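Participant: Below you will find the structure I want to go over with you.
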Amino acid sequence: MPFDLREMIDRHQGQQLSLLSEYINPQMAKVLKTIGFDAVYVRGKGAHLWDDQGNDYLDMLSGFGVFAVGRSHPKVKEAIRQYLELDSPNLVKMGTQLIAGLLAQKLVDEFAPPGLDTVFFCNSGAEAVDGALKFAHAFTQRCRFLYCDRGFHGLTLATLAVNGCKEFRADYENVLSGGTEIPFGDAVRLEAELSRGDVAAFVVEPIIGHGVFVPPDDFLPRARELCTRHGTLLIADEVQTGFGRTGKLFACDHWNVVPDIMTLSKSLSGGYCPIGAILYPRKVYDKVFCSLDRCMVHSTTFSQNDLAAVCGLATLDVIREEGLVENSARMGAHLMDRLRVLADKYELIREVRGLGLMIAIEFGQPRSLTLKTGWKMIHGINQDLFCQSILVPLIMDHHILAQVCCHGSDSIKLLPPLVFDQADADRFIEAFDQVLAAVHRFPGPIWEVGSRLAKAALR
Ligand SMILES: Cc1ncc(COP(=O)(O)O)c(C=O)c1O
């Protein structure tokens with residue numbers, strides 16, 4: 192019988208939630224249903240998704256940042272189509288791969304910071320950071336790693352050891368070793384730890400994704416200087432911030448900092464297939480892969496796979512040809528300006544922060560008595576509920592998809608595709624304005640969303 196994907200999808204359309212619940216992650220299925228994030232999406236294009244009722248959703252989440260070039264980009268699709276016609280000799284393993292070699296060349300010659308001339312390909316952000324930690328150990332022969340509070344580098348065991356988000360570490364602390372946390376932005380503490388002379392690497396997101404925290408301007412330049420002085424490698428985790436997300440090609444570029452190792456993933460393959468990459472200097476390579484019999488001392492089966500590399504080559508072209516880094520800077524500044532106008536208008540907004548199209552809106556306890564009552568009540572039930580009370584009407588009434596910054600947070604995060612345009616920005620701001628106006632009326636329907644969610648969760 193021929194394989195008919197379209198027929199299969201048509202026959203099973205609508206079963207997404209039950210399949211998730213039965214075979215993959217029942218708890219996640221319950222959460223999605225409870226908060227009303229269980230639409231049946233049938234199509235995605237650019238910064239938009241459509242559900243089975245024909246509703247157009249504005250995607251301000253972009254698959255946690257993988258769809259920088261937008262969903263279903265025609266150039267990436269065409270590249271995949273062309274590739275499939277080739278019957279290419281993929282993953283020979285004891286042989287060589289042309290397409291991955293070309294992607295490595297393009298990354299090094301046209302994108303990487305100076306000196307990062309070697310590429311290790313893997314399949315995810317966590318795998319990239321995990322490998323970078325290994326490389327740093329091999330290079331320095333040291334065993335301690337520094338990381339920042341609230342920093343997120345993945346959820347494998349090694350990356351959990353350098354994860355500054357307590358909620359992910361809880362229950363695993365006994366098996367995590369080698370990591371020391373420092374406050375993000377605290378160069379004094381960084382220096383104190385580095386001066387002990389036992390730190391292999393300081394791993395840092397130039398802008399912290401979980402909460403969108405931008406460091407003080409002198410932090411990363413100072414970290415660069417201190418790492419060099421103490422023989423520690425600086426690993427810039429640009430898994431989320433890389434390729435234009437923050438309005439520069441890499442977030443490190445905001446401070447003219449060149450790390451020793453850079454980790455990449457997310458947007459590199461246009462959202463089509465898993466990919467991760469470690470960019471690092473030959474002197475580190477020479478210490479890790481130090482002899483013929485150690486040429487595979489770090490490897491993974493799907494490394495250098497054709498399809499990811501094809502998507503990578505096409506995606507990098509799109510980022511350059513469509514000026515997406517510049518668009519991210521321009522639209523990010525526009526969105527922040529308009530959000531700051533809303534911040535002046537609505538007392539519940541405490542801060543708008545970010546760079547490029549990586550933005551957080553933080554809410555805080557209001558001054559007026561009635562609103563304060565609502566704020567205290569909802570936080571008394573659960574720390575996550577306030578933001579959900581904003582996100583639920585955004586998706587239900589305005590079909591806008593966004594997320595809470597992180598667990599227990601009063602901030603929501605905007606991470607739209609870098610093809611985000613003026614009309615998208617207008618649509619978001621108008622909808623957000625309406626939701627904010629409603630949330631500033633207490634008691635009112637938006638505040639009831641919180642108690643409805645709490646009751647549903649209890650049930
Ligand atoms: C900065 C950063 N590093 C690493 C990771 C882990 O990537 P992955 O989920 O692909 O393992 C993430 C994921 O969100 C991230 O934001």
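The opening residue of the sequence shown carries number 192 in the numbering used here; numbering runs sequentially from there.
From the three backbone atoms N, C-alpha and C, an ideal C-beta is built for every residue, glycine too.
Owing to the predicted nature of the structure, the values given are computational and were not obtained by experimental measurement.
(1) Closest by CA to Asp624, which one among Gly523, Ile591, Gly565 and Trp566?
(2) Under the three-state reduction of DSSP, which class applies to Asp308: helix, strand or coil?
(3) In this structure, does DSSP put Arg341 in helix, strand or coil?
(4) Where the beta carbon is closer than 6 angstroms to any heavy atom of ligand 1, which residues qualify, in chain order?
(5) Closest by CA to Ile398, which one among Arg420, Gln431 and Asp497?
(6) Of the choices Gly245, Arg436 and Gln244, whose alpha-carbon is the least far from that of Leu546?
(7) Just list the beta strand (DSSP E) runs in the segment 377-415, keeping only unbroken ones of 3 residues or longer that don't cross its boundaries, in chain order.
(8) Measuring CA to CA, which of Phe302, Arg643, Ala628 and Val479 is closest to Leu459?
(9) Just list the residues that DSSP pairs Lys567 with in beta bridges.
(10) To the nearest angstrom, how far is the alpha carbon of Ala323 from that of Val310?
(11) Which runs of the alpha helix (DSSP H), 4 residues or longer, sit entirely within the segment 476-544?
(12) Assign Ser386 to one of two classes, buried (16 or more other C-beta atoms within 10 Å of its C-beta) or exposed (fewer than that).
(13) Assign Cys339 to one of two classes, buried (16 or more other C-beta atoms within 10 Å of its C-beta) or exposed (fewer than that).
(14) According to the neighbour-count rule (16 or more other Cβ atoms, all chains shown, within 10 Å of its Cβ), is Lys604 buried or exposed?
(15) Name the residue from Phe633, Cys418, Asp308 and Ala622 whose alpha carbon lies nearest to the alpha carbon of Leu530.
(16) Using 8 angstroms as the threshold, is the C-beta distance between Glu538 and Ser519 below it?
(17) Have a look at Tyr363, Glu364 and Gly355 and flag the residue whose alpha-carbon is nearest the alpha-carbon of Phe375.
(18) Can you tell me where the beta strand (DSSP E) with Ile373 in it begins and where it stops?
(19) With the cut-off set at 8 angstroms, would you say Phe554 and Gly641 are in Cβ contact?
(20) Tell me the rounded alpha-carbon separation between Phe480 and Thr371.
(21) Given that a residue counts as buried once 16 or more other Cβ atoms are within 10 Å of its Cβ, and exposed if not, what is Leu210?
(22) Asp601: which of Lys325, Trp566 and Ala647 sits nearest, CA to CA?
(23) Between the beta-carbon of Met522 and the beta-carbon of Ile550, is there less than 8 angstroms?
(24) So, using beta-carbon positions, are Ala319 and Ser456 closer together than 8 angstroms?
(25) Return yes when the Cβ of Asn573 is within less than 8 angstroms of the Cβ of Ala645, no when it is not.
(26) Whole angstroms are fine: how far does the CA of Phe404 sit from the CA of Asp377?
(27) What does the Cβ neighbour count give for Glu213, buried or exposed, with the cut at 16 atoms within 10 Å?
(28) Leaving aside the five residues before and after Tyr248 along the sequence, list all residues of the same chain whose C-beta is less than 6 angstroms from its C-beta, in chain order.
(29) Cβ atoms of Leu424 and Asp444: under 8 angstroms apart, would you say?
(30) So, is Asn496 buried or exposed, given that buried needs 16 or more other C-beta atoms within 10 angstroms?
(31) Using the three-state DSSP reduction, which class does Ile466 fall into: helix, strand or coil?
(32) From the DSSP output, in three-state form, read off Thr561 for me.
(33) Among Asp575, Thr347 and Cys502, which residue has its Cα nearest to the Cα of Val222?
(34) At the level of alpha carbons, what is the spacing between Cys502 and Leu307?
(35) For Lys474, does the count of other Cβ atoms within 10 angstroms reach 16, so buried, or fall short, so exposed?
(36) Alpha carbon to alpha carbon, how far is Phe326 from Ile426? Give it in angstroms, no decimals.
Facilitator: From the atom records:
(1) As a position in the sequence shown, residue 624 is number 433, starting the count at 1. With distances taken between Cα atoms, Asp624 lies closest to Ile591.
(2) Taking the first residue of the sequence shown as position 1, residue 308 is located at position 117. Per DSSP, reduced to three states, the secondary structure at Asp308 is coil, with no helix or strand assignment.
(3) Translated into the one-based positions of the sequence shown, residue 341 becomes position 150. It is coil, neither helix nor strand.
(4) Phe255, Ser315, Gly316, Ala317, Val320, Phe343, His344, Gly345, Glu396, Gly400, Asp428, Val430, Gln431 and Ser456
(5) The residue given as residue 398 occupies position 207 in the sequence shown. Of the listed residues, the one whose Cα sits closest to Ile398 is Gln431.
(6) Position 355 of the sequence shown holds residue 546. Out of Gly245, Arg436 and Gln244, Arg436 has the C-alpha closest to the C-alpha of Leu546.
(7) 390-395
(8) Here residue 459 refers to the residue found at position 268 when the sequence shown is read from its first residue. Distance check between Leu459 and each of Phe302, Arg643, Ala628 and Val479 places Phe302 closest, using alpha-carbon atoms only.
(9) The sequence position of residue 567 within the sequence shown is 376, counting from 1. Paired residue(s): none; Lys567 is not in a bridge.
(10) For the purposes of this step, residue 323 is taken as residue 132 along the sequence shown, with counting starting at 1. For the purposes of this step, residue 310 is taken as residue 119 along the sequence shown, with counting starting at 1. Cα to Cα, the separation comes out at about 11 angstroms.
(11) 497-512 and 515-536
(12) By one-based count along the sequence shown, residue 386 stands at place 195. Its Cβ having fewer than 16 others within 10 Å, Ser386 is exposed.
(13) As a first step, residue 339 is located in the sequence shown; it is residue number 148 there, counting from the start. By the neighbour-count rule (16 or more Cβ atoms within 10 Å), Cys339 is buried.
(14) Position 413 of the sequence shown, counted from the start, is the residue given in the question as residue 604. Lys604 comes out buried.
(15) By 1-based counting over the sequence shown, the position of residue 530 is 339. Ranking the options by Cα distance to Leu530, first place goes to Ala622.
(16) Working through the sequence shown from its first residue, we reach residue 538 at position 347. Working through the sequence shown from its first residue, we reach residue 519 at position 328. Their beta carbons are not under 8 angstroms apart, which means Glu538 does not touch Ser519 by this criterion.
(17) Residue 375 sits at position 184 when you count from the first residue of the sequence shown. Measuring from the Cα of Phe375, the nearest candidate turns out to be Gly355.
(18) For the purposes of this step, residue 373 is identified with residue 182 of the sequence shown, where counting begins at 1. Start and end: Gly370 to Ile373.
(19) Indexing the sequence shown from 1 puts residue 554 at position 363. Indexing the sequence shown from 1 puts residue 641 at position 450. Not in contact: Phe554 and Gly641 (Cβ atoms no closer than 8 angstroms).
(20) Counting from 1 along the sequence shown, the entry for residue 480 is found at position 289. Counting from 1 along the sequence shown, the entry for residue 371 is found at position 180. If I take the Cα positions, the gap works out to 27 angstroms.
(21) Sequence index remark: in the sequence shown, residue 210 carries index 19 (1-based). Exposed, by the Cβ-count rule.
(22) One-based indexing of the sequence shown puts residue 601 at position 410. Looking at the Cα atoms, Trp566 is the closest of the given residues.
(23) Here residue 522 is taken as the residue at index 331 of the sequence shown, counted from 1. Here residue 550 is taken as the residue at index 359 of the sequence shown, counted from 1. Taking 8 angstroms as the Cβ cut-off, Met522 and Ile550 do not qualify as a contacting pair.
(24) On the sequence shown, position 128 is the one that residue 319 refers to. On the sequence shown, position 265 is the one that residue 456 refers to. Contact flag set, yes.
(25) The residue you call residue 645 lines up with position 454 of the sequence shown. The residue you call residue 573 lines up with position 382 of the sequence shown. Yes, these two residues count as a Cβ contact at 8 angstroms.
(26) Locating residue 377 in the sequence shown gives position 186, where the first residue counts as 1. Locating residue 404 in the sequence shown gives position 213, where the first residue counts as 1. Answer to the nearest angstrom: the Cα atoms are 13 angstroms apart.
(27) Counting from one through the sequence shown, the residue named residue 213 turns up at place 22. Answer is exposed; the Cβ neighbour count stays below 16.
(28) Counted from its first residue, the sequence shown places residue 248 at position 57. Excluding positions up to five away in sequence, the list reads Leu240, His590 and Leu592.
(29) Counted from its first residue, the sequence shown places residue 444 at position 253. Counted from its first residue, the sequence shown places residue 424 at position 233. Not closer than 8 angstroms, so no.
(30) On the sequence shown, residue 496 is found 305 positions in, with the first residue counted as 1. Answer is buried; the Cβ neighbour count reaches 16.
(31) As a first step, residue 466 is located in the sequence shown; it is residue number 275 there, counting from the start. Three-state result, Ile466: coil.
(32) Stepping through the sequence shown from its first residue, residue 561 is reached at position 370. In this structure, Thr561 counts as helix in the three-state DSSP scheme.
(33) As a position in the sequence shown, residue 222 is number 31, starting the count at 1. Checking every option, the nearest Cα to that of Val222 belongs to Asp575.
(34) For the purposes of this step, residue 502 is identified with residue 311 of the sequence shown, where counting begins at 1. For the purposes of this step, residue 307 is identified with residue 116 of the sequence shown, where counting begins at 1. The straight-line gap from Cα to Cα measures roughly 22 angstroms.
(35) Numbered from its first residue, the sequence shown carries residue 474 at position 283. Per the 10 Å Cβ criterion, exposed.
(36) In the sequence shown, counting from the first residue as 1, residue 426 sits at position 235. In the sequence shown, counting from the first residue as 1, residue 326 sits at position 135. Taking the straight line joining both Cα atoms gives about 10 angstroms.
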